[in-house]
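Below is one structure; the comments refer to it alone.
In our numbering, the protein residues as written are 80 to 678.
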């Protein structure tokens, strides 16, 4: 039975190009998962976009001599192009500066406000002494008063996980220019998080199947919940739809508040663009739907605590009840799929420190599937993982080129040379059936891993089939069976069947090369569909155009099953699937890459 599956992918910030550390957390895992879900017949809605509001945008705009709108226009297009090149199969990748997003954010807010989950408070705000501009909490660093960690931010400490206020920090300083911020009184609207203590706590207690890193982090979330500001003194963001607030030039929603609502607003926009404005309900109000959220570990708080609280408040289901909001009863997340950090020499990838490998540089040099594979098999799935060029070269050369690429090339080449087409298995043997049984069994095993977002185990299972097939060819030696063509044909048929099976098993990880293997086996049409980058008119703002990623994934042929290959299908001489990399690259990396150094 087909299940509606929402893949909600963290929103990359539009203040610069994305690096491979970013896409190892939100990008590749979400796409591997979505492609698998489509292959087993589920109805997937994969949504996200560029996060385009807040002080970091205004800071970047000042640095580049641009307006905030010009800045986000520039990077939204670049990020969309990079994610398209990586093959991330979004149904809609949009942006938070659309008219649709602003309207949905305001409607969610009004439902929260009417239900009493938003309260005004006079608080202390941080101001840059040199510019007079508000500093968001995340742009203030200092020493955590609880654990002593010196890199704590003004909203939380990543070391101990506790929520903080900027005034809590010891020796606070601006991340923009290092100066000590000034603190002044200002009025803001707050999400009354303590009013969700019971309902959120009960809900979190049912999330027993989440990844261990997420479960560990969420245990402390409800122990010390405090009201959290949802507005900021800023002129760049979604306006507050209340009398006395909407016309104030320096009052906007805090960027974290409008960004998490983006999962829902993107679904609404997708539905509107599909021609059925109510189509989003299949994934958001249908109790049979499942929602999976993909992000890096620094975003767990917003997805395991804040976003569920907003949904509960909209639904009138917080501790103090309320009326069901504008959009009906919306589904809470079913699973938070959080990855750890991809590091380099033990340090996080960082643009400011020069420890960064941009996605567009990587794609230009090595193509998408080598990066997708590395992230899947050696990425930070459950713990911080160091990226090294040596490991990347090893995985590419020995696993993709030598193991998988070599199996594809020699199997198809021998069949092409001897038969010109897929031969018939006229003289089968026990070894043939053993290999095919192993291959068929892998669909159940790898599929079980993918269903639980265990990408390393799923990829390892697919490669286990590849290794077994290479061993089979070495044992059977079809190149020595000229005097026994029927047995040779049976061996080649078996090898090609397992190549077809392994290609299906690897399709979620390697969609670009999977299309090539499909064609090398004589297949036609779209095997693994790719996203398209389009420029479209904003649905609500006249004269505004937006770059979006979308695609027609219903036309792809890939299905999660072993499909018998067609005897007699013509075969052409194959081209190499993966080029081997120079081993010296493992020592130095390419010229444009940063030099690895411990910090």
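Built from N, CA and C at the ideal position, the CB exists for glycine as well. Note that the structure is predicted; figures quoted are calculated from it, not measured.
CB of residue i within 7 Å of CB of residue j, strictly
{"i": "residue 114", "j": "residue 587", "result": "yes"}
{"i": "residue 147", "j": "residue 137", "result": "yes"}
{"i": "residue 525", "j": "residue 486", "result": "no"}
{"i": "residue 612", "j": "residue 163", "result": "yes"}
{"i": "residue 534", "j": "residue 111", "result": "yes"}
{"i": "residue 592", "j": "residue 656", "result": "yes"}
{"i": "residue 313", "j": "residue 331", "result": "yes"}
{"i": "residue 418", "j": "residue 104", "result": "yes"}
{"i": "residue 644", "j": "residue 555", "result": "no"}
{"i": "residue 165", "j": "residue 447", "result": "yes"}
{"i": "residue 173", "j": "residue 155", "result": "no"}
{"i": "residue 681", "j": "residue 403", "result": "Lying outside 80 to 678, the shown extent of the chain, residue 681 is not represented and no answer is given."}
{"i": "residue 118", "j": "residue 637", "result": "yes"}
Residue range of the beta strand (DSSP E) that includes residue i
{"i": "residue 222", "result": "219-222"}
{"i": "residue 87", "result": "83-88"}
{"i": "residue 613", "result": "611-616"}
{"i": "residue 250", "result": "249-253"}
Supposed close pair residue i, residue j - CB separation, criterion 8 Å
{"i": "residue 85", "j": "residue 371", "result": "7 Å"}
{"i": "residue 510", "j": "residue 551", "result": "7 Å"}
{"i": "residue 627", "j": "residue 615", "result": "6 Å"}
{"i": "residue 468", "j": "residue 665", "result": "5 Å"}
{"i": "residue 126", "j": "residue 349", "result": "6 Å"}
{"i": "residue 392", "j": "residue 191", "result": "4 Å"}
{"i": "residue 300", "j": "residue 383", "result": "6 Å"}
{"i": "residue 416", "j": "residue 290", "result": "7 Å"}
{"i": "residue 494", "j": "residue 650", "result": "6 Å"}
{"i": "residue 409", "j": "residue 421", "result": "Contact flag wrong, Cβ pair sits at about 32 Å."}
Alpha-carbon to alpha-carbon, residue j and residue i
{"i": "residue 27", "j": "residue 307", "result": "In the structure displayed, the chain extends from 80 to 678; residue 27 sits before or after that span and is not available."}
{"i": "residue 460", "j": "residue 161", "result": "22 Å"}
{"i": "residue 373", "j": "residue 99", "result": "15 Å"}
{"i": "residue 284", "j": "residue 143", "result": "47 Å"}
{"i": "residue 765", "j": "residue 335", "result": "Residue 765 lies beyond the stretch modelled for the chain, which goes from 80 to 678, so this question has no answer here."}
{"i": "residue 232", "j": "residue 275", "result": "24 Å"}
{"i": "residue 479", "j": "residue 653", "result": "16 Å"}
{"i": "residue 630", "j": "residue 411", "result": "26 Å"}
{"i": "residue 262", "j": "residue 243", "result": "15 Å"}
{"i": "residue 102", "j": "residue 139", "result": "21 Å"}
{"i": "residue 466", "j": "residue 472", "result": "11 Å"}
{"i": "residue 193", "j": "residue 281", "result": "24 Å"}
{"i": "residue 181", "j": "residue 215", "result": "20 Å"}
{"i": "residue 545", "j": "residue 537", "result": "13 Å"}
{"i": "residue 676", "j": "residue 423", "result": "Here residue 676 scores only 44 on pLDDT, less than 50, and its place in the model should not be relied on; the value that follows carries that caveat. If you take the alpha carbons of residue 676 and residue 423, they lie about 8 Å apart."}
{"i": "residue 632", "j": "residue 604", "result": "12 Å"}
{"i": "residue 264", "j": "residue 527", "result": "54 Å"}
Span of the alpha helix (DSSP H), counted from its first residue to its last, around residue i
{"i": "residue 490", "result": "485-497"}
{"i": "residue 583", "result": "564-585"}
{"i": "residue 108", "result": "107-118"}
{"i": "residue 588", "result": "It is not in any alpha helix (DSSP H) - residue 588 carries neither H nor E in the DSSP assignment."}
{"i": "residue 637", "result": "Careful: residue 637 lies outside any alpha helix (DSSP H) and carries neither H nor E."}
{"i": "residue 542", "result": "534-555"}
Residues near residue i by beta carbon distance below 8 Å, same chain, minus five either side
{"i": "residue 230", "result": "220, 237 and 238"}
{"i": "residue 519", "result": "580 and 641"}
{"i": "residue 506", "result": "563, 565, 566, 568 and 569"}
{"i": "residue 169", "result": "88, 125, 126, 127, 162, 610, 628, 629 and 630"}
{"i": "residue 578", "result": "486, 487, 490, 491, 548, 596 and 600"}
{"i": "residue 208", "result": "258, 259, 260 and 261"}
Cβ-based neighbour list, residue i, same chain, cut-off 6 Å, excluding 5 preceding and 5 following
{"i": "residue 437", "result": "96 and 98"}
{"i": "residue 254", "result": "218 and 220"}
{"i": "residue 407", "result": "364"}
Beta-carbon proximity list for residue i, same chain, < 7 Å, skipping 5 on both sides
{"i": "residue 250", "result": "221 and 222"}
{"i": "residue 435", "result": "98, 428, 429 and 673"}
{"i": "residue 541", "result": "521, 525, 581, 584 and 585"}
{"i": "residue 347", "result": "179, 183 and 359"}
{"i": "residue 394", "result": "403, 404, 408 and 409"}
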